[in-house]
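Student:
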Amino acid sequence: MDIRQLNYFLAVADTKNYSHAAKSLFVTQPTLSQSIKKLEMELNTTLFNQNGRQLILTEAGDILYSRGSQLVSDFNQIVSEIQKINHEDKEVIRLGLTSLFAIQFMTQISAFIATHANVEVTLIQEGSRKLQDLLSEGKIDIGLLSFPIINPNIKIEPLNTSTNGYQVSVVAPSDHPLSSKESIHLANLKGTKIASLTEHYMLGEMLPRRCRALGFEPNIVFKHSDWEILLHSLTNLGAVTLLPKEFQTLSKVDGLTWIDLQDKNDFYPIGIAYRHDTIFTPVVEDLLQLIKTN
Numbered sequence: 001m002d003i004r005q006l007n008y009f010l011a012v013a014d015t016k017n018y019s020h021a022a023k024s025l026f027v028t029q030p031t032l033s034q035s036i037k038k039l040e041m042e043l044n045t046t047l048f049n050q051n052g053r054q055l056i057l058t059e060a061g062d063i064l065y066s067r068g069s070q071l072v073s074d075f076n077q078i079v080s081e082i083q084k085i086n087h088e089d090k091e092v093i094r095l096g097l098t099s100l101f102a103i104q105f106m107t108q109i110s111a112f113i114a115t116h117a118n119v120e121v122t123l124i125q126e127g128s129r130k131l132q133d134l135l136s137e138g139k140i141d142i143g144l145l146s147f148p149i150i151n152p153n154i155k156i157e158p159l160n161t162s163t164n165g166y167q168v169s170v171v172a173p174s175d176h177p178l179s180s181k182e183s184i185h186l187a188n189l190k191g192t193k194i195a196s197l198t199e200h201y202m203l204g205e206m207l208p209r210r211c212r213a214l215g216f217e218p219n220i221v222f223k224h225s226d227w228e229i230l231l232h233s234l235t236n237l238g239a240v241t242l243l244p245k246e247f248q249t250l251s252k253v254d255g256l257t258w259i260d261l262q263d264k265n266d267f268y269p270i271g272i273a274y275r276h277d278t279i280f281t282p283v284v285e286d287l288l289q290l291i292k293t294n
């Protein structure tokens, strides 16, 4: 008798049916029946009696079930303890970042993952505005996101690296009336159809607030969280959008013109965000140091 036979026996005893037990064990019914018959031959006893459609344990079967259940439990515990030997629990780092920052800092993040086998890095991609809330709620551990600080429960440490922020561009179809301008003030967008990032992003949050401060309501005809979808929508909608200028070299959408925005909100610095009560582990410090080498 081996542990596999004992597991098969217990499954049949629990389900009182070869067919149901076979399904739960992912084996064929003939394989299971033969295993039980072999076990009965080895023990020189009958373990089950047929009662209609159900299998009922014999007296010998009752004894084997009682003692066998404990044996299987002990065996599984032994396996579990052995598997834990020399196994270190992985530290999990939940890093929130935007799609742009995921692209810009992936070299550093990949280098960290490659050199820290016992660390699990989970990337949560969202807009900077939404990431501030996720950080405050404890749903991410650190964030790589843009200023300004809107959630009072977090702090953002500016990044003084080669990538320290992004410039905002107005993107328009090449035949749009605004496409000939060298730069655009936000006031120039009055009455213009706009495809906007959602309020999860700083640009999506800033646009209506800033337009109202300038005395007009923005004509937002479409919102989306994916910058590529926004770009693909512009020609059909006859609209413009506001995006980080850095996306221009990544975009594969033809027939668009990227124009510098001239506004007090035309540049967004970025930084590493965390809650005020955060104490970084040595592993997190390693990740942050790598990010700062960008």
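So that you can map any letter, position 228 of the sequence shown is 228 in UniProt numbering, and since no number is skipped, the others follow by simple counting.
Don't be surprised by glycine CBs; every beta carbon is placed ideally from N, CA and C.
Got a sec? Which residues, its chain only, sit under 6 Å from S196 by beta carbon, not counting five neighbours each side?
Tutor: Working through the sequence shown from its first residue, we reach residue 196 at position 196. Counting only Cβ-Cβ distances below 6 Å, and skipping sequence neighbours, we find G204, L207, I220, K223.
Student: For T198, which of L178, S73, T192, L230 has the nearest alpha-carbon?
Tutor: Walking along the sequence shown from the start, residue 198 turns up at place 198. Residue L230 is the option with its Cα nearest to T198.
Student: If I'm right that V240 touches I279 with Cβ under 8 Å, what's the distance once you round it to whole angstroms?
Tutor: Along the sequence shown, read from residue 1 onward, the residue named residue 240 stands at position 240. Along the sequence shown, read from residue 1 onward, the residue named residue 279 stands at position 279. In fact, because the Cβ distance is near 45 Å, the residues do not count as touching under 8 Å.
Student: Pick out whichever of Y201, F216, L64 has its Cα sitting closest to the Cα of N44.
Tutor: By 1-based counting over the sequence shown, the position of residue 44 is 44. The candidate whose alpha carbon is nearest that of N44 is L64.
Student: Determine the DSSP secondary structure at K264, reduced to helix, strand or coil.
Tutor: Within the sequence shown, numbered from 1, the residue matching residue 264 stands at position 264. DSSP places K264 in coil when its eight states are reduced to three.
Student: Whose CA, out of E126, W258, L134, D254, lies closest to the CA of E182?
Tutor: By one-based count along the sequence shown, residue 182 stands at place 182. Comparing Cα positions, the closest option is W258.
Student: Excluding the 5 residues flanking S179 on each side, which residues of the same chain have their C-beta closer than 8 Å to its C-beta?
Tutor: Indexing the sequence shown from 1 puts residue 179 at position 179. Once the five neighbours on either side are set aside, the close Cβ partners of S179 are A172, P173, T257, I259.
Student: Which of the three DSSP states is assigned to N188 in this structure?
Tutor: For this step, residue 188 is matched to residue 188 along the sequence shown. Helix.
Student: To the nearest angstrom, how far is the alpha carbon of V170 from that of I154?
Tutor: Your numbering for residue 170 matches position 170 in the sequence shown. Your numbering for residue 154 matches position 154 in the sequence shown. The alpha-carbon atoms of V170 and I154 are separated by roughly 30 Å.
Student: When you compare the CB positions of L55 and N17, do they come within less than 9 Å of one another, or not?
Tutor: Indexing the sequence shown from 1 puts residue 55 at position 55. Indexing the sequence shown from 1 puts residue 17 at position 17. Yes.
Student: In the DSSP output, what is Y274 paired with across the bridge?
Tutor: What you label residue 274 is simply residue 274 of the sequence shown in a count that begins at 1. Note: Y274 sits in a beta bridge opposite K155.
Student: For Q50, list the residues DSSP reports as bridge partners.
Tutor: Here residue 50 refers to the residue found at position 50 when the sequence shown is read from its first residue. According to DSSP, Q50 bridges with L55.
Student: Going straight from the alpha carbon of M1 to that of L32, what length do you get?
Tutor: In the sequence shown, the residue the question calls residue 1 occupies position 1. In the sequence shown, the residue the question calls residue 32 occupies position 32. In a straight line, the C-alpha of M1 is about 14 Å away from that of L32.
Student: Measuring CA to CA, which of M202, K23, E81, N188 is closest to G165?
Tutor: In the sequence shown, residue 165 corresponds to position 165, counting from 1. Checking every option, the nearest Cα to that of G165 belongs to M202.
Student: Take F75 as the anchor and find which of R212, S225, N51, I3 has the nearest alpha-carbon.
Tutor: Here residue 75 corresponds to residue number 75 of the sequence shown, with the count starting at 1. If we check each option's Cα against that of F75, I3 comes out closest.
Student: Taking DSSP as the reference, what is the three-state secondary structure of G143?
Tutor: In the sequence shown, the residue the question calls residue 143 occupies position 143. In this structure, G143 counts as strand in the three-state DSSP scheme.
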